[in-house]
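In this text, residue positions in the sequence shown follow our numbering: the first is 719, and each later residue adds one.
These notes are about the structure you will find just below.
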Amino acid sequence: MKNECRTIIVSDVHLGTKGSKAKELVRFLKQYRCKNLILNGDIIDGWQLRKSGKWKRKHTRFFTKILKMIEEDGTKITYIRGNHDDFLDQVLPFTVGNLKIARDMVYQSNGKKYYITHGDVFDSVTSQFKWIAKLGDIGYTFLLWLNRQYNYRRMKKGLPYFSLSQKVKGKVKQAVKYIDDFETQLASMARYKDCNGIICGHIHQPALKMIDGIHYMNSGDWVESMTALVEDMQGEWSLVYYTESDQKEKQDKESESKTIALKDYFEEGEAESDLKVNKA
Numbered sequence: 719m720k721n722e723c724r725t726i727i728v729s730d731v732h733l734g735t736k737g738s739k740a741k742e743l744v745r746f747l748k749q750y751r752c753k754n755l756i757l758n759g760d761i762i763d764g765w766q767l768r769k770s771g772k773w774k775r776k777h778t779r780f781f782t783k784i785l786k787m788i789e790e791d792g793t794k795i796t797y798i799r800g801n802h803d804d805f806l807d808q809v810l811p812f813t814v815g816n817l818k819i820a821r822d823m824v825y826q827s828n829g830k831k832y833y834i835t836h837g838d839v840f841d842s843v844t845s846q847f848k849w850i851a852k853l854g855d856i857g858y859t860f861l862l863w864l865n866r867q868y869n870y871r872r873m874k875k876g877l878p879y880f881s882l883s884q885k886v887k888g889k890v891k892q893a894v895k896y897i898d899d900f901e902t903q904l905a906s907m908a909r910y911k912d913c914n915g916i917i918c919g920h921i922h923q924p925a926l927k928m929i930d931g932i933h934y935m936n937s938g939d940w941v942e943s944m945t946a947l948v949e950d951m952q953g954e955w956s957l958v959y960y961t962e963s964d965q966k967e968k969q970d971k972e973s974e975s976k977t978i979a980l981k982d983y984f985e986e987g988e989a990e991s992d993l994k995v996n997k998a
């Protein structure tokens, strides 16, 4: 049974890079049926693909999944352009059927207005000094490589995924200050747009909180945190974290619900109670 919701927002999938958790995102989306799916920027990493990035089958499967959502559930897909997928500038704005590509949008939720933007436009380093941003991108790529090596060793020991890169960023004072400044800027922009809240991505820092009366939400990413914003049918928002352990537990429960003991077909004692068979 899929979870019914009104809207799911994901960002920063960075398809085309080694760190992209595209497979996990597809598994996450399979758990839901939604009316709207908003891809809030940096879904495809054009920067890396122009350099050393590689497009893999799991990256294609992500787009196969969202096309199925359009076909089977009638989901409306909105792709917001980010800085790593700035190649979309060549086609903006674009609409065909249930698929729309835009620079930003205003979203109505439970009587409130939310300004949705990737967030890079408010990052003066990214927008004004691209060469500095790309230099920083090299350092971040190394941090993600280190994160993969660390988690590979954790997996071999049977330990759950842990975002080492998020932990490192949380310890760097400049990074913490940057995040605080970014969030304050975005909240001010929502007020300027006469909106009650703002929904963004870009900084790979999932959040759901109030800033000076503005509802600030950041959908995080699918490189480190594996998070999404989910709006239920009543207009309430949640920040949802995906973990492999949660998925395994769900699959185990579904498997149990689809099996019955053979003894139920026979009189007591005619079959051993530990045998099970799948229902047709």
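No residue lacks a Cβ here, since even glycine has one placed at the ideal position from N, Cα and C.
Quick caveat, the model's predicted, so the values are computed rather than measured.
Along the chain, where does the beta strand (DSSP E) containing residue i start, and where does it finish?
{"i": "Met935", "result": "932-936"}
{"i": "Ile784", "result": "Ile784 -> not in any beta strand (DSSP E); alpha helix (DSSP H) instead, spanning 775-791."}
{"i": "Gln808", "result": "Looking at the DSSP string, Gln808 is not in any beta strand (DSSP E), and its letter there is neither H nor E."}
{"i": "Val839", "result": "From DSSP, Val839 is part of no beta strand (DSSP E); its letter is neither H nor E."}
{"i": "Tyr959", "result": "955-959"}
{"i": "Ile921", "result": "Run containing Ile921: none; DSSP gives neither H nor E here."}
Please go through the same chain and pick out, in chain order, the residues whose beta-carbon is closer than 8 Å to the beta-carbon of residue i, but skip the five residues on each side of it.
{"i": "Asp803", "result": "Gly759, Asp760, Ile761, Ile762, Asp763, Gly764"}
{"i": "Val824", "result": "Lys831, Tyr832, Tyr833, Ile834, Lys911, Cys913"}
{"i": "Asp807", "result": "Arg799"}
For residue i, which residues of its own chain have a beta-carbon under 7 Å away from its beta-carbon, when the five flanking residues on both sides are left out?
{"i": "Val809", "result": "Ile819"}
{"i": "Asp930", "result": "Ala905"}
{"i": "Val941", "result": "Asp730, His732, Gly737, Ser738, Lys739, Leu862, His922"}
{"i": "Cys1006", "result": "Lying before the first or after the last residue shown, residue 1006 is absent from the chain, which here runs from 719 to 998."}
Taking residue i as part of the alpha helix (DSSP H), name the residues at either end of that continuous run.
{"i": "Gln766", "result": "764-768"}
{"i": "Lys741", "result": "740-747"}
Which of helix, strand or coil does DSSP assign to residue i?
{"i": "Met928", "result": "strand"}
{"i": "Met719", "result": "coil"}
{"i": "Val728", "result": "strand"}
{"i": "Tyr910", "result": "helix"}
{"i": "Met944", "result": "coil"}
{"i": "Glu901", "result": "helix"}
{"i": "Met873", "result": "helix"}
{"i": "Tyr896", "result": "helix"}
{"i": "Ile795", "result": "strand"}
{"i": "Glu949", "result": "strand"}
{"i": "Asn826", "result": "According to the sequence provided, residue 826 is Gln. The question's Asn does not apply to it. Residue state, collapsed to three classes: strand."}
{"i": "Phe847", "result": "Only weak support exists for where Phe847 lies, its pLDDT of 43 falling under 50; the value from the coordinates is given anyway. Phe847 falls in the coil class under three-state DSSP."}
{"i": "Arg751", "result": "strand"}
{"i": "Leu993", "result": "Residue placement at Leu993 is poorly supported in this model, since its pLDDT is 36, which falls under 50; the coordinates are not used for a value here."}
{"i": "Asn758", "result": "strand"}
{"i": "Lys772", "result": "coil"}
{"i": "Gly737", "result": "coil"}
For residue i and residue j, what's the separation of their Cα atoms in angstroms?
{"i": "Gly919", "j": "Leu733", "result": "15 Å"}
{"i": "Asp822", "j": "Pro811", "result": "10 Å"}
{"i": "Ile921", "j": "Met873", "result": "26 Å"}
{"i": "Gly792", "j": "Met928", "result": "32 Å"}
{"i": "Ile756", "j": "Leu817", "result": "10 Å"}
{"i": "Val731", "j": "Lys875", "result": "27 Å"}
{"i": "Glu974", "j": "Thr961", "result": "With a pLDDT of 45 at Glu974, under the threshold of 50, the modelled position of this residue cannot be trusted, and the question is left open."}
{"i": "Trp773", "j": "Gln903", "result": "34 Å"}
{"i": "Gly737", "j": "Met951", "result": "33 Å"}
{"i": "Tyr750", "j": "Val728", "result": "13 Å"}
{"i": "Lys895", "j": "Leu747", "result": "33 Å"}
{"i": "Asp899", "j": "Phe840", "result": "10 Å"}
{"i": "Ser770", "j": "Lys786", "result": "30 Å"}
{"i": "Thr813", "j": "Leu877", "result": "44 Å"}
{"i": "Phe780", "j": "Glu901", "result": "29 Å"}
{"i": "Lys966", "j": "Arg871", "result": "Unreliable placement is indicated for Lys966, whose pLDDT of 49 sits below 50; the coordinate value is still reported in the next sentence. Rounded to whole angstroms, Lys966 to Arg871 spans 20 Å at the Cα level."}
{"i": "Arg775", "j": "Thr796", "result": "23 Å"}
{"i": "Ile932", "j": "Gln826", "result": "15 Å"}
Tell me which same chain residues have a C-beta within less than 6 Å of the C-beta of residue i, skipping the five on either side of it?
{"i": "Val777", "result": "The residue you asked about is not Val; residue 777 is His in the sequence shown. Once the five neighbours on either side are set aside, the close Cβ partners of His777 are Leu733, Ala740."}
{"i": "Asn828", "result": "Gly953"}
{"i": "Leu767", "result": "Gly734"}
{"i": "Val948", "result": "Cys723, Ile726, Ser956, Val958"}
{"i": "Asp939", "result": "Asp730, His922"}
{"i": "Asn754", "result": "Thr725, Lys794"}
{"i": "His836", "result": "Asn758, Gly759, Ile798, Gly800, Gly919, His920"}
{"i": "Gly815", "result": "none"}
{"i": "Met935", "result": "Ile917, Leu926, Leu947"}
{"i": "Phe805", "result": "Gly764"}
Is the beta carbon of residue i less than 7 Å from the beta carbon of residue j?
{"i": "Lys702", "j": "Val744", "result": "Any property of residue 702 remains undetermined from this structure, which presents the chain solely from 719 to 998."}
{"i": "Ile897", "j": "Ala908", "result": "no"}
{"i": "Ala946", "j": "Ser937", "result": "yes"}
{"i": "Met944", "j": "Glu789", "result": "no"}
When every heavy atom of the ligand ADP is checked, does at least one fall within less than 6 Å of the C-beta of residue i?
{"i": "Gly792", "result": "As presented, the structure is devoid of all ligands, the ligand ADP included, so that no description of it is given."}
Between residue i and chain D, is there a C-beta pair that is closer than 7 Å?
{"i": "Ser937", "result": "Any reference to chain D falls outside this structure, which holds one protein chain only."}
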